[in-house]
Amino acid sequence: MSHSDTLLRVDKISISFGGLAVLTDVNLKVDEGELVGLIGPNGAGKSTLFNVISSIYKPDTGDVFLKGKKITGIAPHKLCRMGISRTYQLVKTFNKMTALENVMVGAIYGHKHGGSDAKTRAIDAMSLVGIEDKQNILVSHLTLSDRRLVEVARSLASSPLVTLLDEPMAGLNVSEIKTLLTVIKRAREERKISILWVEHKVDAIFRTCDRVAVLNYGAKIADGKPEEIAKDSKVIEAYLGESLTRN
Amino acid sequence: MNSLSTGKYLPNPRIPVLFSAAVLAAALLPLIMDPFTTISATNVFIYIVITLSWALFSGPTQYISIATAAFFGIGIYTSALAGELMPFPLVVCLGGVVSFVLALLVGLSTLRLKGMYFTIFTFGLSELIRHFVLWWEVVMTGTVGRWVVSVDPIPVYYTMLVILVVTISFCFFIGRSRYGLALRSIGQSEEAADHMGINITAVKINVFAITAFFAGATGSTMATRWTYIDPSIAFNPLFSFMPVLMAIFGGIGSITGQIIGAAVLTLLADLLLTEFPYYYMLIYGIILVVVILFLPGGIVGLWDSMKKRRRTETNENT
Ligand SMILES: Nc1ncnc2c1ncn2[C@@H]1O[C@H](COP(=O)(O)OP(=O)(O)OP(=O)(O)O)[C@@H](O)[C@H]1O
Ligand SMILES: [Mg+2]
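So the sequence lines, in the order shown, correspond to chains A and B. Going by this note's numbering, the first sequence opens with residue 7, and the numbers climb by one from there. Going by this note's numbering, the second sequence opens with residue 768, and the numbers climb by one from there.
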């Protein structure tokens, strides 16, 4: 029943923590090569949805499909080899390792073909995000922005089909945001990978994404072309109005 | 094939030369030195092996295990039970294998725990094994101690030398392999390591069990020199704590540091024990406290910072 070009699909996902319903009946899909933005107020459940897709949490009901194959609850390391990689809202780099070593982990372990030509793939990923000159620097000595880029490169080095980016721009300044935006566009154009991207920088999402989905209190309230979402009254009420006045 | 030649990991060409020279010197030692020196060197080898094997797992992963005594003790008991049944080298291997299997079981039950829960559990488990063996001996065998088939100091020395060379080489190559990379990733962010495709449970349990092999083989070797053992000798908790102290003392992240730390503290303990039997533990404790307070990187850390200082001084002079 799934379209042949649907890569990732979450189907009626619900999850609650101690009686608190965090996600209710969420449906979402990402097509091959598509860049999908996921927005919503703080606490809407965006990171939780990522954690369900990447198997940190098992949903109470609902399933996750990759290329039509059910992958709910499959161990995270297997998911990565199947083609789902991710970054974290709070950066999770390996700080006492060099930037290249960080990316090598993705290249060696995150990929079906393991170690063969891992280093080439690692360096390719680093060039794509523009940190190839920082290979031998310890990640603990890098700026937050560069650490985010290391995380993105690590994720790309695993040659994913789809990558989940959780607020990659949080805490970055204007020029760093520009760099990251270029990186996201390049990853998509040069690697043809699909991206599901959570972000509070709504204007960046609207300008870049093919499609935007909106979560509010754990429910999806809108899903469509950026220009439609920007005009949607429910979205404006729940999120955009607030975020426009906040900015 | 998967070596991470990131510059920093290019093996120093002097290392194999120095290592071979040291092994050769160690192989000749019993021929030129008195028996006392040979026995004392054997003792140093034991502590180097258990320190290296402890640090191979606990160093990069930050899972601080205090179960070395259990693996060491199981090796000792294997020797006591199997010593008469098979030749000495086989006994040694068997001791390693039994410890390996035990560690697999321990790993399956404990490696889910994190931080201090893991640490306390490993300690509790080794105490449990000690008390179980004690109970078994008293109730089932009707004795507390056992006699172990004794082996001459020279074969024991060479056996320990072989175990030492294997352990050092193993740690060296693991550290530079994809497994070393995986272990370090697990220590720094287990969640990210998992999501980047590392089968963290398999890596942790396998490496933990391999380190137990070395501790067990060492225990089997040593038992033949003690001739009499009982559970409180074989499972002495000091064997769990010493490798931790020795690795910290020398420098936890470096094989050289671990070797130096184990050698220095073993020789120091021997010296203090003969010279100041009453103050031995006190002096030992003070030295450890001073090192931990003032040398966070251990002896190797001190050496590195001295080198750096000298370099900046020469830069300033030019
Ligand atoms: N493990 C958990 N246990 C209990 N509650 C949780 C857990 N994980 C998330 N929550 C709750 O679920 C809700 C959604 O959290 P989530 O992190 O998914 O929001 P978000 O949309 O990513 O928000 P933000 O924009 O602030 O990152 C929050 O109320 C949070 O407190
Ligand atoms: Mg979030």
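Ideal placement from N, C-alpha and C gives every residue a C-beta, glycine not left out.
Continuous beta strand (DSSP E) assignments of at least 3 residues falling wholly in the stretch 1054-1084 of chain B | none
Residue 183 of chain A, enclosing alpha helix (DSSP H) - first and last residue = Stepping through the first sequence from its first residue, residue 183 of chain A is reached at position 177. Counting along the chain, the alpha helix (DSSP H) containing residue 183 of chain A begins and ends at 180-197.
Between which two residues does the beta strand (DSSP E) harbouring residue 259 of chain A extend?
-> Limits of chain A in this structure are 7 at one end and 253 at the other, which puts residue 259 of chain A out of reach.
Within the stretch 898-967 of chain B, note down every full beta strand (DSSP E) run reaching 3 residues or more, in order along the chain.
-> Qualifying beta strand (DSSP E) stretches: none in this window.
With a cut-off of 8 Å, do at least 3 Cβ pairs link the stretch 990-1000 of chain B to the stretch 883-893 of chain B?
-> no
List the residues that DSSP assigns as beta-bridge partners of residue 69 of chain A.
-> Stepping through the first sequence from its first residue, residue 69 of chain A is reached at position 63. Paired residues: A:17.
For residue 160 of chain A, return the contacting residues in chain B, with the cut-off set at a CB-CB distance below 9 Å.
-> Position 154 of the first sequence, counted from the first residue, corresponds to residue 160 of chain A. What residue 160 of chain A touches in chain B: 959, 963.
If we count Cβ pairs, one from each stretch, closer than 8 Å, do we get three or more for the stretch 964-983 of chain B versus the stretch 796-803 of chain B?
-> no
Check whether the stretch 776-791 of chain B touches the stretch 896-914 of chain B, taking contact to mean three or more Cβ pairs, one atom from each stretch, closer than 8 Å.
-> no
Is any beta-carbon of chain A found at less than 8 Å from that of residue 1019 of chain B?
-> Taking the second sequence and counting its residues from 1, the one referred to as residue 1019 of chain B is at position 252. So, not an interface residue.
For the alpha helix (DSSP H) that contains residue 33 of chain A, what are its first and last residues?
-> As a working note, residue 33 of chain A is residue 27 in the first sequence. Where residue 33 of chain A is concerned, there is no enclosing alpha helix (DSSP H), although the beta strand (DSSP E) it sits in stretches over 26-37.
List the endpoints of the continuous alpha helix (DSSP H) containing residue 859 of chain B.
-> Locating residue 859 of chain B in the second sequence gives position 92, where the first residue counts as 1. Note, residue 859 of chain B: alpha helix (DSSP H), 855-877.
Measuring alpha carbon to alpha carbon, tell me which of A:242, A:35, A:94 ends up nearest residue 175 of chain A.
-> Your numbering for residue 175 of chain A matches position 169 in the first sequence. Out of A:242, A:35, A:94, A:94 has the C-alpha closest to the C-alpha of residue 175 of chain A.
Leaving aside the five residues before and after residue 982 of chain B along the sequence, list all residues of the same chain whose C-beta is less than 7 Å from its C-beta, in chain order.
-> Counting from one through the second sequence, the residue named residue 982 of chain B turns up at place 215. Cβ within range, chain order: 817, 820, 835, 838, 839, 842, 866.
Sufficient close CB pairs (3 or more, under 8 Å) joining the stretch 239-248 of chain A to the stretch 31-49 of chain A | yes
Sorted by chain position, which residues of the same chain lie with C-beta nearer than 8 Å to residue 189 of chain A's C-beta, five sequence neighbours on each side aside?
-> Residue mapping note: residue 189 of chain A aligns to position 183 of the first sequence, counting from 1. The residues are 134, 135, 136, 155, 158.
Give every residue of the same chain whose Cβ lies closer than 7 Å to the Cβ of residue 75 of chain A, excluding the five residues on either side of it in the sequence, and list them in chain order.
-> Working through the first sequence from its first residue, we reach residue 75 of chain A at position 69. There are no such residues.
Taking three-plus beta-carbon pairs below 8 Å as touching, is the stretch 995-1014 of chain B in contact with the stretch 874-884 of chain B?
-> Between the stretch 995-1014 of chain B and the stretch 874-884 of chain B, the count of Cβ pairs shorter than 8 Å is below three; the stretches do not touch.
Under the criterion of a Cβ to heavy atom distance below 7 Å, does residue 23 of chain A qualify as lining ligand 1?
-> As a position in the first sequence, residue 23 of chain A is number 17, starting the count at 1. Yes - ligand 1 has a heavy atom lying nearer than 7 Å to the Cβ of residue 23 of chain A.
Contact between the stretch 140-156 of chain A and the stretch 98-108 of chain A: three or more CB pairs below 8 Å?
-> yes
Residue 225 of chain A versus residue 1025 of chain B: straight-line alpha-carbon distance, rounded = Numbered from 1 along the first sequence, position 219 holds the residue referred to as residue 225 of chain A. Numbered from 1 along the second sequence, position 258 holds the residue referred to as residue 1025 of chain B. So the two alpha carbons sit approximately 55 Å from each other.
Checking contacts by CB at 8 Å: is residue 1076 of chain B closer than that to chain A?
-> Taking the first residue of the second sequence as position 1, residue 1076 of chain B is located at position 309. No, because no Cβ of chain A sits closer than 8 Å to the Cβ of residue 1076 of chain B.
Whole angstroms is fine: what's the gap from residue 60 of chain A's alpha carbon to residue 1036 of chain B's?
-> Your numbering for residue 60 of chain A matches position 54 in the first sequence. Your numbering for residue 1036 of chain B matches position 269 in the second sequence. Distance between the alpha carbons of residue 60 of chain A and residue 1036 of chain B is about 51 Å.
Apply the 10 Å Cβ neighbour rule to residue 196 of chain A and answer buried if 16 or more other Cβ atoms are within range, or exposed otherwise.
-> Translated into positions along the first sequence, residue 196 of chain A becomes position 190. Exposed, by the Cβ-count rule.
Residues of its chain near residue 771 of chain B, where Cβ-Cβ distance is below 6 Å and the 5 sequence neighbours each way are ignored | Residue numbering aside, residue 771 of chain B sits at position 4 when the second sequence is read from its first letter. No answer about residue 771 of chain B holds up, because its pLDDT of 46 lies below 50 and its placement is not dependable.
beta-carbon residue 95 of chain A near ligand 2 non-hydrogen atom, thresh 7 Å | As a first step, residue 95 of chain A is located in the first sequence; it is residue number 89 there, counting from the start. Yes.
Closest to residue 28 of chain A by CA distance: which of A:237, A:65, A:39 is it?
-> Working through the first sequence from its first residue, we reach residue 28 of chain A at position 22. Nearest C-alpha to residue 28 of chain A: A:65.
What are the boundary residues of the alpha helix (DSSP H) that residue 201 of chain A is part of?
-> Taking the first sequence and counting its residues from 1, one reaches residue 201 of chain A at position 195. Here residue 201 of chain A belongs to no alpha helix (DSSP H); instead the beta strand (DSSP E) covers 200-204.
beta-carbon residue 207 of chain A near ligand 2 non-hydrogen atom, thresh 7 Å = Walking along the first sequence from the start, residue 207 of chain A turns up at place 201. No, the beta carbon of residue 207 of chain A sits no closer than 7 Å to any heavy atom of ligand 2.
What's the gap between the Cα of residue 214 of chain A and the Cα of residue 828 of chain B?
-> Walking along the first sequence from the start, residue 214 of chain A turns up at place 208. Walking along the second sequence from the start, residue 828 of chain B turns up at place 61. Note on geometry: alpha-carbon atoms of residue 214 of chain A and residue 828 of chain B lie some 40 Å from one another.
Helix, strand or coil at residue 41 of chain A [DSSP, three-state] = As a position in the first sequence, residue 41 of chain A is number 35, starting the count at 1. DSSP places residue 41 of chain A in strand when its eight states are reduced to three.
Start and end of the beta strand (DSSP E) containing residue 834 of chain B?
-> Indexing the second sequence from 1 puts residue 834 of chain B at position 67. Where residue 834 of chain B is concerned, there is no enclosing beta strand (DSSP E), given that its DSSP letter is neither H nor E.
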